Amino acid sequence: SCEGSDMPSVEGRDDDAMQVQSWRESWRKFWPLAFVLGSVAILTSAGGLLALLCSRKKRARTTTARKLQSQTSFNQAWDAELGRKVPSGNVDPLARLPTHWGMTVEQLELFHAIHHERLQSYCREHRLAADKTHVCMEPACRHKHGAAKYRALNDSDSLTDLDELHPTMHVVVDLIIKPFTDIDGGVLGYAPLLNKANPLKPTVFVSHCWGEKFPDFVRTVTNHLPRDTVVWICSFALPQNLDINLLIGQGELCESPFHQALLQASQ
C-alpha cells in the first residue's frame, strides 16, 4: 500500500510534466528575442569599453606630447639662460644635473659654524625697511652687504617703521651664497660648486621656509639626520645668481629641478 508514502501520485507527476512542457514551449517562442537582446547588450558593452580604451590612449598620447613639449621648452629656456651667462658656451655639465646638487648635513653644519657670528652681527647692526632694503644703523657700516639691497639710515626714518632683521635664509643667500657662487657666470649653486670635484646625489629632499631663522633650520636638520646624509636644499642647490623664476616657471612643474631632485631622493 502507498498510504502514508511521501512519493508523489501519478496525477502529480503528470502535472509536473505538463509544466515542464509549457516552459519548453515558451522558451522556443522567446529565445530568439532573448538572443538578440543579449547580443545587443554585449556589443554595447564592448563598444563602450573600446571607446573608453581609445579615449584613455588618446589622453595618454596628449599628456606625453604635452610633457615632451614642456620638457623641450624648459631645456631650451634653461640652455638660453646658461648661454646668456656664459657666452663662450663652456658651461659646466654639472649645471644641467640637478640630481647631483646635494650636500652633506656635515657641510651644512660647518657652513653655519663658519658664518654664524657674521650673520648675527650683521643683523644686530641693520634694520629691515618696508621695501626689504637693509638699513645700516651705524654711520660707517663695517659690513659687506653681498647681493643685498642696503642704504644708510636717513633722518626721516622712524625706528618704529623699521623691522628687526633676522638671520633668515633670505639674508644667508644675499650675504653669503650669491657672492660665493658669482663665478663662471654663476651657473652653479653653492652645493654643486662646493662638491664640484665629487658631485653628490641627494637621498633626502629638505623642504623649509625661507622666513625661518637659519640657526633653527640647521638645528632641525642636524638633530634628525646623520652627518653623512646627502640632502637637497633649494637655497644651496639652485644657482641663486640666475633667474630662479625661469627654473621653476618654464614648462610643467614635473620638469623642474625640484621634481628631478625629488625623484632622486628616497625621502
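Be aware that the sequence shown starts at 1, since it is given in UniProt numbering, and climbs by one per residue.
Each residue gets a CB set at the ideal place from its N, CA and C atoms; glycine is no exception.
This one's a predicted model, so the numbers in the text were calculated from it and none came from an experiment.
Given a threshold of 16 other Cβ atoms within 10 Å of its Cβ, counted over all protein chains shown, does residue 264 qualify as buried or as exposed? Residue 264 sits at position 264 when you count from the first residue of the sequence shown. The residue in question, residue 264, is buried, as its Cβ has 16 or more Cβ neighbours within 10 Å.
Inter-residue spacing [alpha-carbon to alpha-carbon] between residue 70 and residue 255: What you label residue 70 is simply residue 70 of the sequence shown in a count that begins at 1. What you label residue 255 is simply residue 255 of the sequence shown in a count that begins at 1. Bear in mind that a pLDDT of 46 at residue 70, under 50, signals an unreliable position, so the model cannot answer this.
Mind checking which residues open and close the alpha helix (DSSP H) that includes residue 114? The count along the sequence shown starts at 1 and reaches residue 114 at position 114. Where residue 114 is concerned, the enclosing alpha helix (DSSP H) stretches over 105-124.
Using only the alpha-carbon positions, how far apart do residue 149 and residue 138 sit? The count along the sequence shown starts at 1 and reaches residue 149 at position 149. The count along the sequence shown starts at 1 and reaches residue 138 at position 138. Cα to Cα, the separation comes out at about 16 angstroms.
Would you tell me roughly how many angstroms separate the C-alpha atoms of residue 102 and residue 77, rounded to the nearest one? On the sequence shown, position 102 is the one that residue 102 refers to. On the sequence shown, position 77 is the one that residue 77 refers to. Near 23 angstroms, if we compare the C-alpha coordinates of residue 77 and residue 102.
Drop a sphere of 10 angstroms on the beta-carbon of residue 119, count the other beta-carbons inside from all chains shown, and report buried for 16 or more, exposed for fewer. As a working note, residue 119 is residue 119 in the sequence shown. Counting Cβ neighbours within 10 Å, residue 119 comes out buried, since at least 16 surround it.
Does the distance from the CB of residue 141 to the CB of residue 171 come in under 9 angstroms? Within the sequence shown, residue 141 is the residue found at index 141, counting from 1. Within the sequence shown, residue 171 is the residue found at index 171, counting from 1. The answer is no: Cβ separation not under 9 angstroms.
Between the alpha carbons of residue 130 and residue 161, how many angstroms are there, rounded? Counting from 1 along the sequence shown, the entry for residue 130 is found at position 130. Counting from 1 along the sequence shown, the entry for residue 161 is found at position 161. Roughly 8 angstroms between the two C-alpha positions.
Does DSSP classify residue 127 as helix, strand or coil? Within the sequence shown, residue 127 is the residue found at index 127, counting from 1. Under the three-state reduction of DSSP, residue 127 is assigned to strand.
Are there 16 or more other CB atoms within 10 angstroms of the CB of residue 112, so buried, or fewer, so exposed? Your numbering for residue 112 matches position 112 in the sequence shown. A residue is called buried when at least 16 other Cβ atoms come within 10 angstroms of its Cβ; residue 112 meets this threshold and is buried.
Using a Cβ-Cβ cut-off of 7 angstroms (strictly less than) and excluding sequence neighbours within five positions of residue 243, which residues of its own chain qualify? Residue numbering aside, residue 243 sits at position 243 when the sequence shown is read from its first letter. These residues qualify, in order along the chain: 81.
How do the stretch 89-100 and the stretch 217-224 stand: do at least 3 beta-carbon pairs fall below 8 angstroms, yes or no? No, because fewer than three Cβ pairs between the stretch 89-100 and the stretch 217-224 fall closer than 8 angstroms, the two stretches do not touch.
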